[in-house]
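Quick note: the sequence shown uses the numbering used here, first residue 54, plus one each step. Each remark here refers to the structure printed beneath this line.
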Amino acid sequence: MHVCIVGTGYVGLVSAACFAEMGNTVTCVDVNPDVVKTLQAGKVHIYEPGLEELVRRNYAAGNLIFTTSLAQGMEQAQFVFITVGTPSRPDGSCDLCYVEQVAREIGQQMHKPVIVVDKSTVPVGTADRVRALVQGELDKRGVSFEFDVVSNPEFLKEGDAVNDFMKPDRVVVGTESEKSAEYLRTLYGPFARSREKLIVMGVRSAEMTKYAANCMLATKISYINEIANICERVGADVRDVRIGIGSDHRIGYHFIYPGVGYGGSCFPKDVRALINTANEYAFRPELMEAVDRVNNRQKLRMSERIVDYFAAQGGVEGKTLGVWGIAFKANTDDTREAASLAMINDLTSRGMRIRAFDPVAGEKAREILADNPLVEIVDGQYDAVEGAQALLVVTEWNQFRTPDFERIKAALSAPILFDGRNLYPPSMMAELGFAYFSVGRPDPA
Numbered sequence: 054m055h056v057c058i059v060g061t062g063y064v065g066l067v068s069a070a071c072f073a074e075m076g077n078t079v080t081c082v083d084v085n086p087d088v089v090k091t092l093q094a095g096k097v098h099i100y101e102p103g104l105e106e107l108v109r110r111n112y113a114a115g116n117l118i119f120t121t122s123l124a125q126g127m128e129q130a131q132f133v134f135i136t137v138g139t140p141s142r143p144d145g146s147c148d149l150c151y152v153e154q155v156a157r158e159i160g161q162q163m164h165k166p167v168i169v170v171d172k173s174t175v176p177v178g179t180a181d182r183v184r185a186l187v188q189g190e191l192d193k194r195g196v197s198f199e200f201d202v203v204s205n206p207e208f209l210k211e212g213d214a215v216n217d218f219m220k221p222d223r224v225v226v227g228t229e230s231e232k233s234a235e236y237l238r239t240l241y242g243p244f245a246r247s248r249e250k251l252i253v254m255g256v257r258s259a260e261m262t263k264y265a266a267n268c269m270l271a272t273k274i275s276y277i278n279e280i281a282n283i284c285e286r287v288g289a290d291v292r293d294v295r296i297g298i299g300s301d302h303r304i305g306y307h308f309i310y311p312g313v314g315y316g317g318s319c320f321p322k323d324v325r326a327l328i329n330t331a332n333e334y335a336f337r338p339e340l341m342e343a344v345d346r347v348n349n350r351q352k353l354r355m356s357e358r359i360v361d362y363f364a365a366q367g368g369v370e371g372k373t374l375g376v377w378g379i380a381f382k383a384n385t386d387d388t389r390e391a392a393s394l395a396m397i398n399d400l401t402s403r404g405m406r407i408r409a410f411d412p413v414a415g416e417k418a419r420e421i422l423a424d425n426p427l428v429e430i431v432d433g434q435y436d437a438v439e440g441a442q443a444l445l446v447v448t449e450w451n452q453f454r455t456p457d458f459e460r461i462k463a464a465l466s467a468p469i470l471f472d473g474r475n476l477y478p479p480s481m482m483a484e485l486g487f488a489y490f491s492v493g494r495p496d497p498a
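As structure tokens, then:
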């Protein structure tokens, strides 16, 4: 099949590479000529394990084409996927300006029947808006072509997106047209060989499914962090509590890992967008509001503990904190809404110096924090702790899981470690002589 994908960001590029891997001819359209040139050179501008190899192989095979021309992309396309960004506005609502611009351009370039697929995360009712904009442009041209607007939300995890696309749990398709559903069933057929994975529903239900899924996962994260905070106060160990509740199949173990709160490009934005949508329909989503509040508080929980710890030693001003991890989670370079940035900004506002390391997101962090004179991004894991008063672990990169603790002790001015991901056993850390502070577990005596 011939597929046009508009937008070569995280969702667009992963989708394009995976469709191409199955033998389809996929044309990626991006307005940024520098991005197009980079991709044509076989380089990927986002970090995602396995993606660059997939892009290079399919570009070399001719299955993957990169261009700035939507007309070229639509020339033979049976599907046009909209995968552009939908950033949050200050009030939490979803900014659809890029989606709407693409919809207008599709109407301007359409020359034959086509299925328009909304894959960007968009509020309920967006497909109707896209349909109206496309039709408006066709009317201006005085032409008529059969087209459908389908909702096909993505459910990709950053850091494992290629695998998620290749082996999806489900493929949600929102359409009232059985013909469109059959076309998409054919397109996605190679990804669902073991069982039927296509779930067809109404367009608005599909749009809502995406938000409902992400908000449910965000709720589980805020819930376990709330439980962890209570555990710290009552002397319980959240590790045991997690096992105790996770063994109930109605709850399960997924997404109940306490930590520093969720971040990234999806959960924060989608929770706020659903809150905004509910408010537009005169309904107050109190649970979602609480999820958002709890998460914002959790992002600063570990920095508060650092401040409390050093209060008896003259405060954090002038002291140096080593930080391991800046990306919002492992296996990505995404720093959007990252807890690390919230903590760094909080601590430096109090005069603390930060020396941070991230194996992938370091360069991005340098750009983001370039104007903060109290922050230094270093190239070596152990460089971050050299001469620091304490170490804070924020991201659960594998290389942080079994570090050289003796080397850490020798580098630090005192063996103090704050663990935002519960990577290390408290008993082991006590034996090694560390003052060790983690999430939802008793502090050292």
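All residues carry an ideal CB built from backbone N, CA and C; glycine is no exception.
**OP:** Would you mind stating whether V313 and R494 have Cβ atoms separated by less than 8 Å?
**Re:** no
**OP:** Flag this pair as touching only if the segment 187-206 and the segment 159-170 have three or more C-beta atom pairs under 8 Å; answer yes or no.
**Re:** yes
Original post:
Between I252 and the ligand SAM, is the CB less than 7 Å from at least one heavy atom?
Top reply: Judged by which ligands are present, the structure shown has none, so any question about the ligand SAM falls away.
Original post:
How long is the line joining the alpha carbons of R142 and F487, rounded to whole angstroms?
Top reply: 44 Å
Subject >> C71 - partner residues in DSSP beta bridges >> reply: Per DSSP, none; premise fails for C71.
**OP:** Can you grab the Cα-Cα spacing for the pair C268 / V324, in whole Å?
**Re:** 6 Å
Original post:
Buried or exposed: which applies to A124, given that a residue is buried once 16 or more other Cβ atoms fall within 10 Å of its Cβ?
Top reply: exposed
Original post:
For D472, which of helix, strand or coil comes out of DSSP?
Top reply: strand
**OP:** In the DSSP assignment, find the beta strand (DSSP E) that holds G375 and state where it starts and stops.
**Re:** 373-377
Subject >> Proximity winner among A423, M75, A443, relative to L117 (alpha-carbon distances) >> reply: M75
**OP:** Decide yes or no for the touch test of the segment 108-116 against the segment 147-155: beta carbon pairs closer than 8 Å, at least 3 of them.
**Re:** no
Subject >> Closest Cα partner of L394 within the set Y435, E429, P338, G60 >> reply: E429
Original post:
Would you call V344 buried or exposed, if buried means 16 or more other Cβ atoms sit within 10 Å of its Cβ?
Top reply: buried
Original post:
From G473 to T388, what does the alpha carbon distance come to, in whole angstroms?
Top reply: 16 Å
Original post:
Opposite H307 in the DSSP bridges: which residues?
Top reply: None; H307 has no bridge partner.
Subject >> Contacting residues, own chain, Cβ-Cβ under 7 Å from L191 (five flanking each side not counted) >> reply: G160, M163, S197, F198
Original post:
What is the DSSP secondary structure of A266, counted as helix, strand or coil?
Top reply: helix
Subject >> Extent of the continuous alpha helix (DSSP H) run through M481 >> reply: 479-484
**OP:** Tell whether a beta-carbon distance below 8 Å holds between L251 and V224.
**Re:** yes
Original post:
Quick one, are the C-beta atoms of M405 and V369 less than 8 Å apart?
Top reply: yes
Original post:
Taking the alpha-carbon positions, what's the C57 to N282 distance?
Top reply: 47 Å
**OP:** Please name the residue in G415, L422, L400, N451 whose C-alpha comes closest to that of A443.
**Re:** L400
**OP:** Evaluate N434 with the Cβ neighbour count: other Cβ atoms within 10 Å of its Cβ, from every protein chain shown; 16 or more gives buried, anything less gives exposed.
**Re:** First, the amino acid is wrong: residue 434 is Gln here, not Asn. The residue is buried, with at least 16 neighbouring Cβ atoms inside 10 Å.
Subject >> Reduced DSSP category for L445 - H, G, I as helix; E, B as strand; rest coil >> reply: strand
**OP:** Could you tell me which uninterrupted beta strand (DSSP E) segments, each at least 3 residues in length, are contained entirely in the segment 306-353, listed from first to last along the chain?
**Re:** none
Original post:
So, using beta-carbon positions, are G138 and T385 closer together than 8 Å?
Top reply: no
Subject >> Beta-carbon proximity check, S466 vs G440, cutoff 8 Å >> reply: yes
Subject >> Burial state of A271 (16 or more Cβ within 10 Å) >> reply: buried
Original post:
If you count every other CB in all the chains shown that lies within 10 Å of the CB of G126, and 16 or more means buried, which is it?
Top reply: buried
Original post:
For K462, which of A365, D436, E231 has the nearest alpha-carbon?
Top reply: D436
**OP:** Could you tell me which of T174, N77, P176 sits nearest to F132, measuring between CA atoms?
**Re:** N77
Original post:
Taking the DSSP output, what are the residues bridged to T80?
Top reply: C57, I118
Original post:
So, is A483 buried or exposed, given that buried needs 16 or more other C-beta atoms within 10 angstroms?
Top reply: exposed
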